[in-house]
Amino acid sequence: MNKRNPTIRGEAGSAYIVVLLVLLLLTIFGLSLVLITHTERQIGANERDAGREFFAAESGVAVAIAWLQESNTQAHEVEVGRRVLGSGGNTVDIRDRVQTSQLVVVGSQDSNLGDVSSNNGQPQDRANFRFESTARRVSTSTSGPLAGRDVQLGQKRVELMVEMDPFDLRAENAYTGPLEYESEEAPTTLAPAN
């Protein structure tokens, strides 16, 4: 006769249930790892884009200072970092537009370097300029519902004060009038220095 042990009979299928529970735990662990990795990747991409915009805004500062050295205080706009992605009729044009505001004198006095740097007998000034540089990442697609339209992907703004010594405030392009700009708090007008 076949006699079965009653204790073995109660354990039948328990290994199957244990294996299913282990597989369930491994699946949950794997899915959470994938979700965390995807989130970290998105955070890294956002930080990279923010860094690019900040560096583009800083390049606008360099452009403004270069123009300032030529006594040109007017607002300027340049495009940097242009890339075209895709091929054929499906391309995306990504570029950074950098705008610098007009450089405004917010304080001036006689230059300490007057004896060293003469301007054909004209007095020299030491001037503080306030300006801002705004970088916008813009994309333009050649196909789809947004074809031909600029889509803003990101923006960074840097506000700065620069002191130039010596500087000729009587130069033709030097702007010393009021500048209106809006901040988060309220619109402000900077009065020119005399």
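Numbering (this note's numbering), first residue to last: 946 to 1139.
All C-beta atoms in this analysis are idealised placements derived from N, C-alpha and C, irrespective of residue type, glycine included.
Here DSSP, grouped into helix, strand and coil, assigns alanine 1072 to strand. Nearest in C-alpha terms to valine 1096, of all of Ile1039, Ser1016, Leu969 and Val1049, is Ile1039. Segment contact: the segment 981–993 against the segment 1014–1033, fewer than three CB-CB distances shorter than 8 Å; contact not assigned. Excluding its 5 nearest sequence neighbours in each direction, serine 1046 has C-beta neighbours in its own chain below 6 Å: Ala1020, Phe1076 and Glu1077, listed in chain order. Comparing C-alpha distances from alanine 1001 to each of Arg1102, Ser1032 and Pro1111 shows the shortest one belongs to Arg1102.
Annotated three-state conformation of alanine 1011 is helix, per DSSP. Proximity to arginine 997 across Val1083, Asp1110, Ile981 and Gly1093 peaks at Val1083, based on C-alpha coordinates.
Exclusion of the five residues before and after valine 1037 leaves Val1029, Leu1030, Gly1031, Ser1084, Thr1085, Ser1086 and Thr1087 as the residues of its chain whose Cβ lies within less than 8 Å of its Cβ. An exposed status is given to phenylalanine 974, since fewer than 16 other beta-carbon atoms sit within 10 Å of its beta-carbon.
A residue is called buried once 16 or more other Cβ atoms fall within 10 Å of its Cβ, and valine 1043 is buried on that count. Take glycine 1026, set aside five residues on each side of it, and the residues of its chain with a beta-carbon closer than 6 Å to its own are Asp1041, in chain order. Looking at the DSSP output, leucine 1030 bridges to Val1037. With respect to glycine 1005, alanine 1080 sits close: the two C-beta atoms are nearer than 8 Å.
Pairing valine 1049 with phenylalanine 999, the inter-Cα distance amounts to about 22 Å. Taking every protein chain shown into account, the CB of alanine 1007 has fewer than 16 other CB atoms within 10 angstroms, so this residue is exposed.
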